[in-house]
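Following: one structure in structure tokens, then a few remarks.
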Amino acid sequence: RDIRHTFAFRVRVGTVKFTSSPSPGLWQLALQHPKADTPFTKLRLELLPDSAVHEDRIEFGDVTLELLFSALPDRVVDTISAEPSKLTLNGPHGSYALARLDNESLLVGTRERLPAGVVVMVNEAGENVAIASISCALEEVGLNYNCQLGIEQDAVDCCHSAATSLAPHGTKKGFDETIAYKLVEEQKAWMQEQRQQFIEQLKQKEDQHLLALAQRWKEQQTEAEKRLADRLAHVDALAAALEEANRKPSEQNFSVPEESSRVKLLEQQFRMQLEEIRAKAIRLEQEAETQIETTRRQSQELQQQQLKLSADQQYLVDSNRTLRNELEQERAARAQLELQLDELIRSKQYYKEEWARLTRKVHQLQQELSVARTPYFQPSAKNKRTNRPRSATTSSGSHMSMVHGGAHQGAGDGCVALCHCSKHSDD
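Those letters in the sequence shown? Residues 18 to 444, per the numbering used here, in order.
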């Protein structure tokens with residue numbers, strides 16, 4: 018009876034319903050008790066997005082967390098019930114939930130075979146974030162049982178895979194998505210900051226104008242209130258004087274006709290001034306409402322002008338883009354025309370050189386023909402024998418050369434015509 022036994026306190030977690038949609042990824046369940054032999058145990062689970070994680074809940078499939086207690090058999094329940102256990106749940110994006118378990122009620126319910134209990138889980142701020150369905154069991158595991166053994170669990174439809182730690186021998190370790198989640202959160206925060214900055218820049222001019230209008234309206238309102246306060250002070254002074262005038266005759270218990278007429282005059286003046294003050298107050302209120310309506314209308318007109326200016330600016334930007342495209346096309350066409358112009362200039366230079374060469378050739382032939390026609394020109398005997406055939410050949414060759422040059426070069430037509438004229442004149 019005085020020998021301490023070791024008991025296993027097991028907590029099974031089934032379905033956890035959240036107030037907001039949970040995220041799939043790596044989740045960690047932890048169970049703590051200050052009086053346990055091992056006061057802390059945890060389990061990491063990688064929850065699949067298509068089956069385990071639903072829109073408002075997570076199906077853990079009765080995963081079991083175990084703590085060991087060494088105590089006397091009749092004192093173990095008191096030891097466990099002395100302080101509440103803590104069930105914590107950590108998930109992606111900084112998700113955190115905590116539940117304090119009433120161990121005595123859970124153990125009694127398990128002993129009486131009651132259905133699983135329900136606990137409320139809160140976040141760090143104390144707000145309710147989830148409801149967990151759990152059940153507890155207490156089992157004796159033997160004497161001097163000072164180590165936590167792995168318990169084989171029945172195959173259940175929990176739709177998740179356990180993430181094991183990476184041992185030194187190279188076993189598989191679950192992927193820690195904390196860095197990826199942090200980067201995604203930083204990117205979302207940067208996008209939100211940029212969007213907010215853009216909106217603030219768009220509204221800055223409008224806010225400045227509205228601030229100026231509000232300041233001017235406040236100044237006018239302050240001035241009107243000051244005038245009204247002065248009038249009311251004057252009315253209060255008149256009312257005090259009237260009250261003093263009415264009080265004095267009643268204290269002295271005598272009636273004076275002059276005082277009565279004076280009091281009536283003061284009452285009449287008081288009523289007239291009061292009516293005037295009320296009329297001015299109504300008029301000032303109407304002027305203030307008119308000013309407010311005018312300011313509101315001006316604000317709407319400025320907003321419409323701003324929208325129109327934005328549309329005009331967009332139109333000008335589009336027109337500028339179109340003109341730039343047309344300018345690029347015109348530049349390309351100009352470059353092509355400049356290339357064609359350079360080609361024409363080179364062709365013209367070539368034709369000019371050919372024209373000069375053919376002109377010199379024609380001039381040389383004319384000189385030779387003139388020398389041949391002089392009466393003092395006597396060709397040699399060899400030339401006499403071959404004069405006529407060579408002359409015909411020369412003339413025919415020159416004619417063929419000039420005709421070929423004219424067909425190849427556009428500027429040679431004049432030379433051909435000149436040669437024909439010379440031949441006809443000789444005949």
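A virtual CB, placed ideally from N, CA and C, is assigned to each residue, including glycine.
If you count every other CB in all the chains shown that lies within 10 Å of the CB of residue i, and 16 or more means buried, which is it?
| i | result |
| --- | --- |
| F86 | buried |
| Q45 | exposed |
| A352 | exposed |
| G143 | exposed |
| S364 | exposed |
| G42 | buried |
| A53 | buried |
| F215 | exposed |
| I97 | buried |
| P90 | exposed |
| S102 | buried |
| I151 | buried |
| V173 | Any answer about V173 is weak, because its pLDDT of 40 lies below 50 and its placement is not dependable; what the coordinates show is given next. Under this definition V173 is an exposed residue. |
| L106 | buried |
| N120 | buried |
| V93 | buried |
| L375 | buried |
| I75 | buried |
| V135 | exposed |
| V137 | exposed |
Taking the C-alpha atoms as reference points, what is the distance between residue i and residue j?
| i | j | result |
| --- | --- | --- |
| I362 | A389 | 41 angstroms |
| L64 | S112 | 14 angstroms |
| R525 | D224 | Past the edges of the chain, shown from 18 to 444, lies residue 525, and the structure says nothing about it. |
| N263 | L245 | 27 angstroms |
| R29 | E72 | 22 angstroms |
| F57 | A116 | 15 angstroms |
| R233 | R348 | 56 angstroms |
| A88 | A206 | 52 angstroms |
| S278 | A256 | 17 angstroms |
| Q290 | S316 | 38 angstroms |
| Q49 | K59 | 9 angstroms |
| P51 | Q204 | 40 angstroms |
| A47 | D95 | 22 angstroms |
| Q4 | E371 | Outside the displayed span of the chain (18 to 444) sits residue 4, for which this structure offers no information. |
| S322 | A328 | The amino acid occupying residue 322 in the given sequence is Gln; Ser does not appear at that position. Going by the C-alpha atoms only, they are around 10 angstroms apart. |
| N140 | K34 | 14 angstroms |
| E360 | Q384 | 36 angstroms |
| S387 | Q366 | 32 angstroms |
| K281 | Q238 | 36 angstroms |
| T311 | V334 | 34 angstroms |
| I309 | L319 | 15 angstroms |
| E217 | A229 | 18 angstroms |
| R212 | Q331 | 20 angstroms |
| K243 | E302 | 13 angstroms |
| S415 | R377 | Interpretation of S415 is limited by its pLDDT of 42, a score under 50 that renders its predicted location unreliable; the figure taken from the coordinates is listed afterwards. Near 13 angstroms, if we compare the C-alpha coordinates of R377 and S415. |
| A114 | T55 | 22 angstroms |
| E355 | Q346 | 14 angstroms |
| F287 | E236 | 30 angstroms |
| G507 | H22 | Nothing can be reported for residue 507, as the shown portion of the chain is limited to 18 through 444. |
| E100 | M208 | 47 angstroms |
| E343 | A350 | 10 angstroms |
| T391 | A373 | 28 angstroms |
| R300 | S336 | 53 angstroms |
By DSSP's criteria, residue i is part of a beta bridge. Which residues make up the other side?
| i | result |
| --- | --- |
| S102 | L118 |
| W372 | Looking at the DSSP assignment, W372 forms no beta bridge with any residue, so it has no partner. |
| F57 | Q49 |
| I294 | I294 is not bridged to any residue. |
| W44 | L62 |
| R29 | T81 and S152 |
| Y113 | N107 |
| F35 | A147 |
| E76 | T32 |
| M138 | A147 |
| W94 | The sequence given here places Val at residue 94; Trp does not occur at that position. Bridge partners of V94: none, in fact. |
| V70 | I75 |
Rounded to the nearest angstrom, how far is the Cβ of residue i from that of residue j, given a contact under 8 angstroms?
| i | j | result |
| --- | --- | --- |
| F77 | G108 | Wrong, their Cβ atoms sit about 12 angstroms apart, outside the cutoff. |
| H110 | E202 | 7 angstroms |
| A149 | R27 | Between R27 and A149 the Cβ distance is about 15 angstroms, and since that is not below 8 angstroms, they are no contact. |
| E83 | A25 | 5 angstroms |
| A241 | A305 | 7 angstroms |
| L227 | L259 | That belief does not hold up - the Cβ atoms of L227 and L259 are roughly 46 angstroms apart, past 8 angstroms. |
| L118 | L104 | 6 angstroms |
| N145 | T307 | That pair is no contact at about 52 angstroms. |
| V80 | P39 | Not confirmed; about 16 angstroms, so no contact. |
Does the beta carbon of residue i come closer than 8 angstroms to any beta carbon on chain B?
| i | result |
| --- | --- |
| E371 | Reference to chain B is not applicable here, since this structure consists of a single protein chain. |
key: Inter-stretch contact at 8 angstroms, needing at least 3 Cβ pairs: the region 243–254 / the region 283–303   = yes
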